[in-house]
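K.L.:
Quick note on the numbering used here: the sequence shown kicks off at 48 and runs consecutively.
Handing you this structure, nothing more for now.
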Amino acid sequence: MDMITTLKGSYFSEILPDGWDLEKIKQCVSNPPESVFDRQEFWHPGFTPVMCTNLEEFGAYMGHEIFMQIKQAKEEGRKLILILPVGPMGMYKWAVYFLKQWNVDCKHVYGFNMDEWSDAEGNTLPASDPAAFQNAMTEAFYGPLGELTVPPEQRNFATKENLPTYWDKIAALKAEGAKQVLVYGIGRMCHIAFWEPHFAAEYATVEEWKAASHRIGARLHPFTIEQNAITSFRSSWPLIPCFANTIGPRIIFNSDYAIGGADGVLSRGMQWQGMSFWMTLRYGPCKAVTSSFIPTLAGKLFFMEELAGPLCADTN
Numbered sequence: 048m049d050m051i052t053t054l055k056g057s058y059f060s061e062i063l064p065d066g067w068d069l070e071k072i073k074q075c076v077s078n079p080p081e082s083v084f085d086r087q088e089f090w091h092p093g094f095t096p097v098m099c100t101n102l103e104e105f106g107a108y109m110g111h112e113i114f115m116q117i118k119q120a121k122e123e124g125r126k127l128i129l130i131l132p133v134g135p136m137g138m139y140k141w142a143v144y145f146l147k148q149w150n151v152d153c154k155h156v157y158g159f160n161m162d163e164w165s166d167a168e169g170n171t172l173p174a175s176d177p178a179a180f181q182n183a184m185t186e187a188f189y190g191p192l193g194e195l196t197v198p199p200e201q202r203n204f205a206t207k208e209n210l211p212t213y214w215d216k217i218a219a220l221k222a223e224g225a226k227q228v229l230v231y232g233i234g235r236m237c238h239i240a241f242w243e244p245h246f247a248a249e250y251a252t253v254e255e256w257k258a259a260s261h262r263i264g265a266r267l268h269p270f271t272i273e274q275n276a277i278t279s280f281r282s283s284w285p286l287i288p289c290f291a292n293t294i295g296p297r298i299i300f301n302s303d304y305a306i307g308g309a310d311g312v313l314s315r316g317m318q319w320q321g322m323s324f325w326m327t328l329r330y331g332p333c334k335a336v337t338s339s340f341i342p343t344l345a346g347k348l349f350f351m352e353e354l355a356g357p358l359c360a361d362t363n
């Protein structure tokens, strides 16, 4: 008996979001690794997956791509809007390295952190808290850049006071000719930022879903909490907030270019991101699968080779 068919009518359907088609997911994860570069009709002509064989290469490639966008905007005399994640993180040390080597300053850059841990009312951790995304960005990117850094007044963090102003700030910068570049990771539940799959049920159409600019105190999916327990909190659930402030599709998918990273490999062959990666590439645009819209943007998605699979049982 097909195990996924058995699960579909029972426990599995209780924990997966409405709008997720298990048969479609099965097709996504059954693709052979060598087909990962096969272009799909819904992909933007400028969208390209880029394979990496180790984490250092992954960080260097992503960091160089961020550097090139900053450098090119500087040379073109344009302002640059950077939508920035805290995860993946390895690319920031490389972006800093390249910017310093080429002596490219970031006075023309406007940084917008895409999300931040919060409580249900949108109250966030103090900026100095080790778990705060604002602290992580300062330590990994803004601080190490030294005199080349993004001016403090051009750094935006997703507090409940500032996040609602993002769209107007970005629109004003774009009106001046600024380029918007999205830097992102892909969540276990295919979220971009913390825009979770269960939010889709609140919007009657894709157009309404795409018009949402942000959410304060967004309730996180249980699988998202488990992912972050593994990747950021050394397995400790009690440390993880169950809510976050996050940008929405209106900001995410109005980007001119996107630099993505999928590095969800662990050790001894274990990983958590293969399914999310393949759903991003193959599911096709669906408001219940946020990352399924990523290939509709121009840009590069850097990924660890292991994520391509094959995604199959492994008892070693």
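In this text, a Cβ means the ideal position worked out from N, Cα and C, and glycines have one as well.
Predicted, not measured: the structure shown is a model, and the values here were computed from it.
Along the alpha helix (DSSP H) that carries R315, what are the first and last residues, could you check?
P.N.:
From DSSP, R315 is part of no alpha helix (DSSP H); its letter is neither H nor E.
K.L.:
Name the DSSP beta bridge partners of H261, please?
P.N.:
I294
K.L.:
My assumption, with CB atoms under 8 Å, is that G169 sits in contact with I239. Please give the rounded CB distance.
P.N.:
In fact, because the Cβ distance is near 19 Å, the residues do not count as touching under 8 Å.
K.L.:
Tell me, to the nearest whole angstrom, how far the beta carbon of I298 is from that of Y213; I am working on the premise that it is less than 8 Å.
P.N.:
6 Å
K.L.:
Touch check for the region 94 to 110 and the region 60 to 79: three-plus C-beta pairs under 8 Å?
P.N.:
no
K.L.:
Taking a contact to mean a Cβ-Cβ separation below 9 Å, would you say G311 touches F324 in this structure?
P.N.:
Remark: C-beta atoms of G311 and F324 approach each other more closely than 9 Å.
K.L.:
Would the beta-carbon of L210 fall within 9 Å of that of I287?
P.N.:
no
K.L.:
Do you know offhand how far S302's Cα is from A258's?
P.N.:
Distance between S302 and A258, taken at the CA atoms: about 14 Å.
K.L.:
Can you say whether K121 is buried or exposed, counting buried as having 16 or more other CB atoms within 10 angstroms of its CB?
P.N.:
buried
K.L.:
Taking 8 Å as the limit between beta carbons, can you name the residues of its chain near S82, skipping five residues before and five after?
P.N.:
Answer for S82: no residue qualifies.
K.L.:
Are the region 241 to 253 and the region 117 to 137 in contact at 8 Å, needing three or more beta carbon pairs?
P.N.:
The region 241 to 253, when compared against the region 117 to 137, does not touch it at the 8 Å Cβ threshold.
K.L.:
Could you check whether W319 and I272 sit closer than 9 Å to each other, using their CB atoms as the reference points?
P.N.:
no
K.L.:
How far does the beta strand (DSSP E) with E163 in it extend, from its first residue to its last?
P.N.:
D162 to S165
K.L.:
Report yes if the C-beta distance between K207 and T185 is below 9 Å; otherwise report no.
P.N.:
no
K.L.:
Counting C-beta neighbours from all protein chains within 10 Å, is the total for G124 16 or more, i.e. buried, or is it exposed?
P.N.:
Under this definition G124 is an exposed residue.
K.L.:
Terminal residues of the continuous alpha helix (DSSP H) containing L192?
P.N.:
Note, L192: premise wrong, no alpha helix (DSSP H); not H, not E.
K.L.:
Report buried or exposed for A360, applying the criterion of at least 16 other Cβ atoms within 10 angstroms of its Cβ.
P.N.:
exposed
K.L.:
Is F241 closer than 9 Å to N292 when the C-beta atoms are compared?
P.N.:
yes
K.L.:
Assign L313 to buried or exposed, taking buried as 16 or more other Cβ atoms, counted over all protein chains shown, within 10 Å of its Cβ.
P.N.:
exposed
K.L.:
How would you call K154, buried or exposed, if buried means at least 16 neighbouring beta carbons within 10 angstroms?
P.N.:
exposed
K.L.:
Keeping to the same chain, check which residues put their C-beta closer than 6 Å to that of S282; ignore five residues upstream and five downstream.
P.N.:
A276
K.L.:
By DSSP, does N275 sit in helix, in strand, or in coil?
P.N.:
helix
K.L.:
What are the partner residues of Y213, as DSSP defines its beta bridges?
P.N.:
Answer is none; Y213 lacks a bridge partner.
K.L.:
What do you reckon, is the C-beta of F84 under 8 Å from a heavy atom of the ligand ADP?
P.N.:
By its list of ligands, the structure shown contains no ligand whatsoever, and the ligand ADP lies outside what it can speak to.
K.L.:
Hey, T343 and F89: beta-carbon distance below 9 Å or not?
P.N.:
yes
K.L.:
In whole angstroms, give me the CA-to-CA distance for I233 and W149.
P.N.:
Straight across, the Cα-Cα distance linking I233 with W149 is about 30 Å.
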